[in-house]
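Shown next, in structure tokens, is the structure this report addresses.
Numbering (the working numbering), first residue to last: 9 to 84.
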């Protein structure tokens with residue numbers, strides 16, 4: 009089985025966020041590994057797909073991911 013791409017890992021995180029953060033730490037670790045493999049410095053998320061698409065929700069997500077070694081930005 010091949011390693012997930014950044015896009016696949018990002019989609020898994022969207023699904024996890026919608027499922028009340030089920031297995032979120034495992035999905036973040038997978039995303040971190042995919043970012044390293046593909047040489048990407050930060051993960052980009054679509055705010056429209058987030059459960060809490062407000063400033064507080066985005067900042068909380070950025071902080072939580074940063075603690076786990078992933079830099080998060082949001083698309084416009």
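Positions of the beta carbon are idealized from the N, C-alpha and C atoms, including for glycine.
The Cβ atoms of residue 56 and residue 39 lie no closer than 8 Å to each other.
In the structure shown, the three-state DSSP call for residue 15 is helix.
Of all alpha-carbon atoms in 51, 41, 22, 31, the one lying nearest the alpha-carbon of residue 12 is that of 41. Each residue's CA atom was taken as its position, placing residue 72 and residue 29 some 12 Å apart. Under the DSSP assignment, residue 30 falls outside any alpha helix (DSSP H); it carries neither an H nor an E label.
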